[in-house]
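Student: In short: position in the sequence shown from 1, add 462, done, that's my numbering.
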Amino acid sequence: MPSLSADWALLETGWVARPLISHERGTITGIGAGRAADHVAGALLPGIPSLHSHAFQRSFAGRTEFAGGGGDFWSWREAMYRAAEAVEPDTLAPVAAYLGMRLLEGGFTSLVEFHYLQNQRDGTPYAHRPAMAEAVVEGAEQAGIGLTLLFGIYQTGDFGGAPLQGGQVRFRTSPDAALAMLQHARAGEGEALRFGLAPHSLRAVPAASLTEAANGLAAIDASAPIHLHAAEQRAEVTACLAAYGTSPVAWLLDRAPVGPSWCLIHCTHMTDAERGALARSNAVAGLCPTTEGNLGDGIFTMPAFVGAGGRFGVGTDSHVGLDAFAELRLLEYSQRLHARKRNVLAGQTGHTGRTLWQAAASGGAQAAARPVGALRVGCRADLVVIEPAPEVAGMKPDFWLDAAIFAASPAPARHVMAGGQWLVRDGRHVRRRAITAAYERALARMKV
Ligand SMILES: [Zn+2]
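1. Rounded to whole angstroms, how far is the Cβ of L749 from the Cβ of L793, which I believe are closer than 8 Å?
2. Going by alpha carbons, who is nearest to V839 out of A503, W470, P508?
3. Figure out for me which residue from K803, S780, A855, R802 has the closest Cα to the Cα of A523.
4. Buried or exposed for G775, going by 16 or more other Cβ atoms inside 10 Å?
5. Closer than 6 Å between the C-beta and any heavy atom of ligand 1: which residues qualify, listed along the chain?
6. Count the other C-beta atoms from every protein chain shown that fall within 10 angstroms of the C-beta of Q604, then say buried if there are 16 or more, exposed otherwise.
7. Which ranges does the beta strand (DSSP E) cover as unbroken runs of at least 3 residues, wholly within the stretch 550–621, from first to last along the chain?
8. Near L644, what residues of its chain come up, given a Cβ to Cβ distance below 8 Å and the 5 sequence neighbours on each side ignored?
9. Taking only runs of the alpha helix (DSSP H) that begin and end inside the stretch 737–782, which ones reach a length of at least 4 residues, in chain order?
10. With DSSP collapsed to three states, give me the class of T733.
11. Run through DSSP, which three-state label would V699 get?
12. One question on the structure: do L726 and L714 come within less than 8 Å of each other, judged by their Cβ atoms?
13. Where does E902 fall in DSSP's three states?
14. Is it the case that the stretch 567–575 contacts the stretch 842–850, given that we only count it when at least three CB pairs across the two stretches are under 8 Å?
15. Grab the span of the beta strand (DSSP E) containing S515 for me, first residue to last.
16. DSSP on S824, reduced to helix/strand/coil?
17. Since A517 contacts G568 with CB under 8 Å, what's their CB separation in whole angstroms?
18. For the structure I just gave you, are there three or more beta carbon pairs, one from the stretch 820–832 and one from the stretch 735–749, closer than 8 Å?
19. Where P551 and V557 are concerned, what is the direct C-alpha to C-alpha distance, given to the nearest angstrom?
20. Expressed to the nearest angstrom, what Euclidean distance is found between the alpha-carbon atoms of A499 and L863?
21. How is the alpha helix (DSSP H) around R497 delimited, first residue to last?
22. Taking the C-alpha atoms as reference points, what is the distance between G585 and R632?
23. Who are the near neighbours of R583 in its chain, counting only those whose CB is closer than 7 Å to its CB and skipping five residues on each side?
24. Give the range of the alpha helix (DSSP H) segment to which A657 is assigned.
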């Protein structure tokens, strides 16, 4: 049985010295103490999931950071629709492989793909309807990153049943069609692959369709995940107030069976009452700090949410950032800038790095609905190795993790294992050259 050892490991109960971890077929089978032939210097962390992704959006990362590249979310969205026009299954697979590779190098060992780009360019479904979803699965498998793929539902261009416009026709999918694809895909589920649903938002999914989707999913698999975008932009909240007389988060908590298998993405603009109610629902808040910063969405107010027991994880969403450590740094820094205080999220462990990492691992695992996010028997052997920066060498490993997140350590994820395989060694994915070359060829074909 394969095993590995290290200097330290971060278990759910805290740090343990000289951990010896056994694993079989990608799953942790034992945790003890000792030294294995496969010994790594440094500390083992559980790999964390990126709980929100639109893989194709990596293809135009870095191309909208100029005055003509979109002055707000809505003009950026036009650029995103142009990128969506350019991708096909044979280019999406290498894009997803490259994304998975870079996320692994950044310390993410699972990906949750919120998959709404499902039709051909003219809006008709592919002859083999899940062709685009299967391209994402293929890419994730090439990279070796665990995947939860959520079939999108997208029917209207705005509240009130507005028709789809332009590029949105590629997203058109009914609850029936999404549930049929999910039902078909489930035959391929395994330890590294799970499926669920993603009704896009209340803008894109009428109330009756959301009910149909939630009921349909519960009938197939009551524990399967369901994710929606909610309250990312103030304009969306205003439009929802006009259409439904209430805000998106309040409407969902009131009218939909929101619970532990749900993940509401962004939730940037909430009232205090909504924050408390979302926390009590046991759903996960899917925060995407770098993308939300890039798009100028606003700041999610953490202290009241976390204080009420709220669960959260982080996603890389548009993939302008691909580094788990950087996402957590920005999450904490946004709170500091807002509250004009330090160590806002230090929480019960007393170390901001550990509190953030463990919360994102556990909330991300809940949102991914896969056995990940902890170094525990029965979980996937997904782990990240960090080494101490020179400034904190000789100090306890909580400082190693704080420094990896907050002290600008270059490529903090030294080695990364997913599903029992060492996929990143010395900061580089083992198939980096081939995956990058295929990605560059795909971008040239897409001409984005
Ligand atoms: Zn999104």
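The beta carbon of each residue, even a glycine, is placed where N, CA and C say it ideally should be.
Tutor: From the atom records:
1. With a Cβ gap of about 6 Å, L749 and L793 count as contacting.
2. Of the listed residues, the one whose Cα sits closest to V839 is P508.
3. Residue S780 is the option with its Cα nearest to A523.
4. With 16 or more other Cβ atoms inside 10 Å of its own Cβ, G775 counts as buried.
5. The set of residues with a C-beta under 6 Å from any non-hydrogen atom of ligand 1 comprises H514, H516, F576, H691, I727, D779, given in chain order.
6. Buried, by the Cβ-count rule.
7. Segments of the beta strand (DSSP E) lying fully in the stretch 550–621: 570–577, 608–615.
8. Cβ-Cβ distances below 8 Å link L644 to F613, F657, G658, L659, L679, I682, A686 in the same chain, with the five nearest sequence neighbours on each side left out; the list follows chain order.
9. Runs found: 751–757, 764–769.
10. T733: coil per DSSP, three-state reduction.
11. DSSP places V699 in helix when its eight states are reduced to three.
12. Result yes, Cβ atoms of L726 and L714 sit closer than 8 Å.
13. Assigned with DSSP and collapsed to three states, E902 falls in helix.
14. The stretch 842–850 vs the stretch 567–575: in contact.
15. Residue range 510–515 is occupied by the beta strand (DSSP E) that includes S515.
16. In the three-state reduction of the DSSP assignment, S824 falls in the helix class.
17. Not quite, the Cβ-Cβ distance comes to about 15 Å (not below 8 Å), so this is no contact.
18. Yes, the stretch 820–832 touches the stretch 735–749.
19. Linking P551 to V557 through their CA atoms gives a straight-line distance of about 10 Å.
20. Going by the C-alpha atoms only, they are around 25 Å apart.
21. Taken as a continuous stretch (DSSP letters only), R497 belongs to no alpha helix (DSSP H), as it is neither H nor E.
22. Rounded to the nearest angstrom, the two C-alpha atoms are 5 Å apart.
23. In chain order, E547, R632 place their CB closer than 7 Å to the CB of R583, counting only its own chain and leaving out the 5 sequence neighbours on each side.
24. Looking at the sequence provided, one finds Phe at residue 657 rather than Ala. Unbroken run through F657 is the beta strand (DSSP E), 655–661; no alpha helix (DSSP H).
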